[in-house]
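S.K.:
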Amino acid sequence: MEPTPPTNSESSGISPDFAQHLIGSQSALYAFIASLMGGVSEANDVLQETNLKLCNKANDYDPTQPFLRWAYVFARFEVMAWRKKQSRSRIVLDDDLVALIASDWDSTSSDSTQQIAALEGCLDKLPQQQRDLLDARYGRGEAVQDIAARQCRTENAMSALFYRVRKTLADCIELSLRREVYE
């Protein structure tokens, strides 16, 4: 009787929570890496190297700390390693500039998280009909013309309604973020 092969999490020592953090952070890590590299052509390769390092160090992760902040450190070092390899054949960003972009990115990432939370809170405050319209337009990508026809409105009237809803959301988000700053 042959032994059963270990599952991915058994063989790598990665907990399901860690795997969920890693999977959920891929787009943010990619954006971070691409910004440090000054382009996106080889960012996927560096992202994969970063993922390998993160998996190898999974047991060192402190789940009480923000995952992305921890992962950004690994990504930054992988970008620097990539830059070192590429330094003979390309013009690359200076190490100090990479450090500056990385430090700025951390605060930007935090701001984005707060903005998303504010948006979700503001969306919850909208009437269901307006949320349904936003979902049709921005969630499913339906054309304003199609939504207007279904609602028995003109395209101009529907565009004006979308403008008012977006303005309401923008004002709500701004107010929520201001309140958060003062709390």
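Just so we're aligned, residue 97 is where the sequence shown starts under our numbering, counting upward by one.
Here a beta-carbon is modelled for each residue, glycine too, at the ideal position from N, C-alpha and C.
#1: CA-CA distance, T209 and G217?
#2: Which value, in whole angstroms, describes the spacing of the CA atoms of T100 and K153?
#3: Give the straight-line distance between the Cα atoms of T264 and E174, rounded to the nearest whole angstrom.
#4: What would DSSP say about D158, mapped onto helix, strand or coil?
#5: Could you please give the first and the last residue of the uninterrupted alpha helix (DSSP H) stretch that includes S131?
#6: Give the range of the alpha helix (DSSP H) segment to which A232 is assigned.
#7: Starting from L222, trace the alpha helix (DSSP H) both ways and give me its first and last residue.
#8: In or out: T160 buried (at least 16 other Cβ within 10 Å) or exposed?
#9: By a C-beta neighbour count over all protein chains shown, 10 Å radius and 16 as the cutoff for buried, is T250 buried or exposed?
#10: Quick check on I197: does DSSP put it in helix, strand or coil?
#11: Please state whether DSSP places R172 in a helix, a strand or coil.
#12: Give me the Cα-Cα distance between F128 and Y168, rounded to the nearest whole angstrom.
#13: Sort N147, A195, P162 and K149 by Cα distance to S131 and report the nearest one.
#14: Are the beta-carbon atoms belonging to A244 and M254 less than 8 Å from one another?
#15: For T100, which three-state DSSP category applies?
#16: So, is I119 buried or exposed, given that buried needs 16 or more other C-beta atoms within 10 angstroms?
#17: If you drop the 5 nearest sequence neighbours on each side, which residues of the same chain put their C-beta closer than 6 Å to that of Q241?
#18: Which residues in the same chain as Q226 place their Cβ atom closer than 7 Å to its Cβ, once the five residues preceding and following it in sequence are excluded?
M.R.: On the basis of the data shown:
#1: 12 Å
#2: Legend: pLDDT at T100 = 45, less than 50; position of this residue unreliable, value from coordinates given subsequently. One C-alpha to the other measures close to 25 Å.
#3: 42 Å
#4: coil
#5: Q122 to M133
#6: Per DSSP, A232 belongs to no alpha helix (DSSP H) and is neither H nor E.
#7: Segment: none, L222 is in no alpha helix (DSSP H) and carries neither H nor E.
#8: exposed
#9: exposed
#10: helix
#11: helix
#12: 8 Å
#13: A195
#14: yes
#15: Per-residue confidence for T100 stands at a pLDDT of 45, beneath the threshold of 50, marking its modelled position as unreliable; no derived number is given.
#16: exposed
#17: E251
#18: V261
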